[in-house]
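Student: Under UniProt numbering, residues 6 to 401 are what the sequence shown spells out, in order.
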Amino acid sequence: FPNEFVNAIPVLKTIEKAGFEAYFVGGCVRDTLLGIPLHDVDITSSAYPAEIKEIFNRTVDTGIEHGTVMVLDHGEGYEVTTFRTESTYQDFRRPDHVTFVRSLDEDLKRRDLTINALAMDADGNVVDLFHGLDDLKNKIIRAVGNPHERYHEDALRMMRSIRFMSQLDFNLESETEKAIEDNAHLLEKIAVERIHVEWIKTLLGQRPQLGIQKFISTGLYQYCPDFADYKDGLIAMSKLDQLHLDSEIECWVLMGHMFSLKPQKTAKLMRDWKSSNDLINQVELAQTALECQSGLTDPHVLFETGKELTLAANHILKILNQSTVTDEAIKTAYEELPIKGNADIAVDGSALIKELGMKPGPQFGKALTAIKDQILDGKLANDHDQLLAFVRENFM
Ligand code: ATP
Ligand code: MG
């Protein structure tokens, strides 16, 4: 048992003592059996939410309408979800309502993939109704039950299937693959934000090439914002052999590059994918640095881009086999910058007004930019009096 399970066993035992069933379920069981770190521990139980709240002193209603109650135990929170079915699906997304049931089997049937439909009790006994253990061993992504129906019920499952291929380095079972091909168009019904999450997880996985390849061959990409235009770039991405991405920023910088987009067009793509403005701005900076001819150790590039985003750009260049500098060289060049932000400059706008009597206007902005460039080029020291003298000579 991983530590996360050991700590949660008293919660399972307490539920059992009250006369109900309780199991670890889903991703945490899958990852435990694979021996990889867990994200979160999910517990499923025959007890209804009201019953869970009676059993434990301290609970929080985190998603009670879906049957989830958080149990607080020894400073940890555990999500306990009542066994449920999701009977009627409308419009290919989430179910209209959930029905609580008393049978674990019913609960496992509603889950997306065989490897995600495993449950484990407090003694380590695994409940495996759909040969999920075999699929784990053979590294296979397979839908639970009839794949056609399952993807029809909830089209996001197609993106999840692709995502798990990449994260786990698994293959797609052929009936499951066929069902994705047939239902790919239903992805249009899914909120872009949810597709976005799965796509980025796909790119950040250990074998993104596998996921990207099926994302293309099944046609899913055509139903994602703007991607119908970028098939060639996606194919090229799936053929990169050193493809290991460390952050969402890197994902978008690489996509912008592979799709031959100027930074501004990458920003448009990202907006269509409902990215946050903060992320868009960071990607724009990093991609601008990546495309900059003067190289990543140029003081101006480093000043504008900052250390972290410059390193991200360099990582992408390494993936493309186009990097010409080491990370160490970038870090050293950054340390050597005389100024690291506008706040470090020994003269600011108010000094120009108060001490030189300048008025805000076009000249004003130009003067401040010129000061910054002179310092970064090592032509002027970052010294208050020298900088003012420079402005007096050149801008007044
Ligand atoms: P992660 O490592 O990303 O947390 P996970 O398998 O735990 O992976 P979650 O999104 O946390 O994924 O979902 C928990 C479990 O709920 C899944 O393992 C699966 O059994 C079930 N599940 C999640 N989303 C769906 C879905 N769209 N359709 C059916 N079952 C789902
Ligand atoms: Mg999870």
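Virtual Cβ for every residue (Gly too), placed ideally from N, Cα, C. These numbers come from a predicted model, not from an experiment.
(1) Can you tell me where the alpha helix (DSSP H) holding GLU198 begins and where it ends?
(2) For GLY362, count the other beta carbons within 10 Å of its own beta carbon; 16 or more makes it buried, fewer makes it exposed. Which is it?
(3) For GLU9, tell me which candidate among ASP78, GLY24, LYS279, SER51 has the shortest Cα-Cα distance.
(4) Could you have a look at GLY24 and say whether DSSP puts it in helix, strand or coil?
(5) Please confirm whether any heavy atom of the ligand FAD lies closer than 6 angstroms to the CB of ASN121.
(6) Can you tell me whether LEU301 is helix, strand or coil according to DSSP?
(7) Would you call LYS377 buried or exposed, if buried means 16 or more other Cβ atoms sit within 10 Å of its Cβ?
(8) Confirm the yes/no value for this check: CB of GLY32, any heavy atom of the ligand MG, distance under 6 angstroms.
(9) Please confirm whether any heavy atom of the ligand MG lies closer than 6 angstroms to the CB of HIS44.
(10) Going straight from the alpha carbon of TYR53 to that of HIS157, what length do you get?
(11) Can you list, in chain order, the residues of its chain with a C-beta nearer than 6 angstroms to that of PRO367? Leave out the 5 residues immediately preceding and following it.
(12) Just to check my reading of the structure: GLU203 and ARG168 have Cβ atoms closer than 8 angstroms, yes? What is that Cβ distance to the nearest angstrom?
(13) With a threshold of 8 angstroms, are at least 3 pairs of Cβ atoms found where one atom belongs to the stretch 234-249 and the other to the stretch 177-196?
(14) Does the beta-carbon distance from GLU255 to HIS320 come in below 7 angstroms?
(15) If we ignore side chains and look at the alpha-carbon of each, how far apart do ALA386 and LEU392 end up?
(16) With a Cβ-Cβ cutoff of 7 angstroms, do THR73 and THR64 count as a contact?
(17) Relative to the C-alpha of LEU284, which candidate in THR86, SER265, LEU314 has its C-alpha closest?
(18) Starting from VAL34, trace the alpha helix (DSSP H) in both directions and tell me its first and last residue.
(19) Please report the Cβ distance between ILE48 and VAL16, rounded to the nearest whole angstrom; I am assuming they are in contact, meaning their Cβ atoms lie under 8 angstroms.
(20) Would you call ARG276 buried or exposed, if buried means 16 or more other Cβ atoms sit within 10 Å of its Cβ?
(21) Give the secondary structure of TYR53 by DSSP, where H, G and I count as helix, E and B as strand, and everything else as coil.
(22) Pull up the CB-CB distance for GLY216 and GLY210, whole angstroms please, since I reckon it's below 8 angstroms.
(23) Considering only their Cβ atoms, is the gap separating MET164 from ILE200 smaller than 7 angstroms?
(24) Does the distance from the CB of ASP251 to the CB of ARG212 come in under 7 angstroms?
(25) Taking 6 angstroms as the cut-off, does the CB of ASP117 come closer than this to any heavy atom belonging to the ligand ATP?
(26) Within 10 Å of its beta-carbon, does MET401 have 16 or more other beta-carbons around it, so buried, or fewer, so exposed?
(27) Please look up how many angstroms separate the CB atoms of PRO152 and ALA184, rounded, as I've assumed it's under 8 angstroms.
(28) Measuring only from the beta carbon, is ASP349 closer than 6 angstroms to any heavy atom that is part of the ligand ATP?
(29) If you drop the 5 nearest sequence neighbours on each side, which residues of the same chain put their C-beta closer than 8 angstroms to that of ALA318?
(30) To the nearest angstrom, how far is it from the Cα of ALA124 to the Cα of GLY32?
Tutor: Based on what the coordinates show:
(1) Taken as a continuous stretch (DSSP letters only), the alpha helix (DSSP H) holding GLU198 covers 197-208.
(2) exposed
(3) ASP78
(4) coil
(5) What this structure holds is the ligand ATP and the ligand MG, not the ligand FAD.
(6) coil
(7) buried
(8) Yes; taking the cut-off as 6 angstroms, the Cβ of GLY32 has a heavy atom of the ligand MG nearer than that.
(9) Yes, the beta carbon of HIS44 sits closer than 6 angstroms to at least one heavy atom of the ligand MG.
(10) Roughly 29 angstroms between the two C-alpha positions.
(11) none
(12) 5 angstroms
(13) no
(14) yes
(15) 8 angstroms
(16) no
(17) The shortest Cα separation from LEU284 among THR86, SER265, LEU314 belongs to LEU314.
(18) 32-39
(19) The Cβ separation is near 7 angstroms, so the contact holds.
(20) exposed
(21) coil
(22) 6 angstroms
(23) Going by C-beta atoms, ILE200 is nearer than 7 angstroms to MET164.
(24) In this structure, the beta-carbon distance from ASP251 to ARG212 does not fall below 7 angstroms.
(25) yes
(26) exposed
(27) 4 angstroms
(28) no
(29) VAL258, ALA291, GLN292, ALA294, LEU295, LEU301, THR310
(30) 10 angstroms
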